[in-house]
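Here's the structure we're looking at; comments come further down.
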Amino acid sequence: MMLKQSGVKLCLPDVSSIFQCVLIRFQVIIGTVMQIGPAMSTYGAIMFVLFYIYAIIGMELFGNLIKTEGSHSPAVNNGTNSKNLTEFCGNINLKDSDFYEDRYCNNNFNDILRSFKVLFDLMVVNQWHSIL
Numbered sequence: 001m002m003l004k005q006s007g008v009k010l011c012l013p014d015v016s017s018i019f020q021c022v023l024i025r026f027q028v029i030i031g032t033v034m035q036i037g038p039a040m041s042t043y044g045a046i047m048f049v050l051f052y053i054y055a056i057i058g059m060e061l062f063g064n065l066i067k068t069e070g071s072h073s074p075a076v077n078n079g080t081n082s083k084n085l086t087e088f089c090g091n092i093n094l095k096d097s098d099f100y101e102d103r104y105c106n107n108n109f110n111d112i113l114r115s116f117k118v119l120f121d122l123m124v125v126n127q128w129h130s131i132l
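Under the UniProt record's numbering, the first residue of the sequence shown is numbered 1, with each subsequent residue one higher.
Given below as structure tokens:
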């Protein structure tokens, strides 16, 4: 059962009208999203351009400093132990670091997709100090 009181539709707990109440509330949400859609798309495009610029800068400055497991062929040894190539994310400076111990080796600037992931993590993740 739906009542209209001062321009606002009220939903009473009736089994037959629960679906109608949910549908009305969902229409309000969809209407709001449709109204703010153009502004959000502009914001999303600006964020994409900024992420792209910082991803390219990160790839130039920090690209291939961190190696992930399986990124080295075991045939290329060059006088070093092949176990050390994948240990410590391929960088001995990461030994005993939070970055290595928390297994953040895939968070790197080796390619554009991983760069976007690192930038997104830095934007929304709580432990950004471990990522850096």
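All C-beta atoms in this analysis are idealised placements derived from N, C-alpha and C, irrespective of residue type, glycine included.
Going by DSSP, aspartate 98 is part of the alpha helix (DSSP H) stretching over 98 to 101.
Boundaries of the alpha helix (DSSP H) around glycine 58: 18 to 62. In this structure asparagine 108 is in contact with isoleucine 66, their Cβ atoms being roughly 4 Å apart against a cut-off of 8 Å. Three or more beta-carbon pairs separated by less than 8 Å are not found between the region 52 to 59 and the region 27 to 34, which leaves the two stretches without contact. With contacts defined by Cβ atoms closer than 8 Å, threonine 68 and asparagine 106 form a contacting pair. In the three-state reduction of the DSSP assignment, phenylalanine 109 falls in the coil class.
When only Cα atoms are considered, leucine 119 and serine 97 end up about 20 Å apart. Put simply, the backbone Cα of phenylalanine 19 is about 15 Å away from that of isoleucine 29. By the beta-carbon neighbour count (other beta carbons within 10 angstroms, threshold 16), arginine 103 is exposed. Counting other Cβ atoms within 10 Å of its Cβ, arginine 25 stays below 16 and is therefore classed as exposed.
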